[in-house]
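Engineer: Residue numbers (our numbering): -18 to 96. Each residue gets a CB set at the ideal place from its N, CA and C atoms; glycine is no exception. Note that the structure is a prediction, hence the values are computed from the model and not measured.
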C-alpha cells in the first residue's frame, strides 16, 4: 500500500482515504460524498469560525470564544470530520489516534520519517 497525496495536500492520506496523517496522528478527512459547492461553503464557515475564536481569545471575550468554538464544531460535524463517521462498512473511527497504534500501523511504517 502506498500513501495517497491528493493534489494540493501536503500530508499522507491513508489508503482508504479516511484520514490524513500529521506528526504521526490520524485526522479524519471530510466526507467525499459532499457536493463541492457544499464542501466549499462549509470550509468557508469553518475558517470564519476559526478566525472568530482567535479574535475572541485576543479580546478575552469568553462568550465570543464559546460561540465561535460551537461554530467550528458545527462546521466540522457537517464536513464529516467529527461526529458520526461518513463510511458505512462498520469500521471504527481512529480519528486523533497515533497511526502506529491502529490498523494503519503497517502502512504508516512505510512512510518517510518526516511524515
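What whole-angstrom Cβ distance do residue -1 and residue 88 have, given they're in contact under 8 angstroms?
Structural biologist: Not a contact, Cβ separation roughly 12 angstroms.
Engineer: Thinking just about the alpha-carbon of each residue, which of 53, 7, -9 and 63 is nearest to the one in residue 25?
Structural biologist: The candidate whose alpha carbon is nearest that of residue 25 is 53.
Engineer: So for residue 23, helix, strand or coil by DSSP?
Structural biologist: Here residue 23 sits in helix by DSSP.
Engineer: Within 10 angstroms of the Cβ of residue 65, are there 16 or more other Cβ atoms? Answer buried if so, exposed if not.
Structural biologist: Flag for residue 65 reads exposed.
Engineer: Looking only at its own chain, which residues have a Cβ that is under 6 angstroms from the Cβ of residue 85, when we skip the five neighbours before and after it?
Structural biologist: Same-chain partners within the cutoff: -5.
Engineer: For residue 76 and residue 9, which I take to be in contact (beta-carbon distance under 8 angstroms), what is that distance rounded to the nearest angstrom?
Structural biologist: Confirmed, about 4 angstroms.
Engineer: If we count Cβ pairs, one from each stretch, closer than 8 angstroms, do we get three or more for the stretch 54 to 63 versus the stretch 12 to 29?
Structural biologist: These segments touch.
Engineer: From the DSSP output, read off the bridge partner residues of residue 79.
Structural biologist: Bridge partners of residue 79: 6.
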